[in-house]
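The structure appears below as structure tokens.
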Amino acid sequence: MIDINQLRQINLSERIAITAHAQQRLEERKISLSDVIKVIDEGEIIQQYEEDKPLPSCLILGMTIHNKYLHVVVSTDDEYIYLITAYYPSLDQWEEDYKTRRNVR
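For the sequence shown, our numbering gives the first residue as 388, with consecutive numbering after it.
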């Protein structure tokens, strides 16, 4: 299980590893690394993915520097934070609290 306080201790741009795929998504969605860092610093973990491989991951909900809700998915080895993805949650898929998934069929 990932602890938000442990993430915050290593939440520095030089300790966030971003894959080429994640970087592409950030650019497409106009999400900055500063937004990701702010969400980790001030947000809350709303879901744990303990079965993810090679490392467990979690979904963090927070606000961007422009006060927009943002979801950030990360994993960690306690030395680095690995950014998996970040996206603006949609009310089509999430309740108004952006913490609860809608039952979409």
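C-beta atoms are modelled at their ideal positions from N, C-alpha and C, and glycine is treated no differently.
In the displayed model, H458 falls within a strand according to three-state DSSP. For T463, the pairing in a beta bridge is given by DSSP as I468.
Pairing N398 with I468 gives a Cβ-Cβ distance under 8 Å. Distance from the CA atom of A407 to the CA atom of D390, rounded to whole angstroms, is 26 Å.
S400: not part of any alpha helix (DSSP H); DSSP gives it neither H nor E.
In this chain, the beta strand (DSSP E) harbouring Q434 covers E431 to Y436. Excluding sequence positions up to five before and after D439, its CB lies within less than 8 Å of the CB of S462, all in the same chain and listed in chain order. In this structure, V423 and V459 form a Cβ contact; the two beta carbons are roughly 6 Å apart against a cut-off of 8 Å. Of the residues I433, P441 and A404, the one whose Cα lies closest to the Cα of E482 is I433. The C-alpha of R488 is placed about 21 Å away from the C-alpha of R412. Taking the Cα positions, A473 is about 11 Å away from E415.
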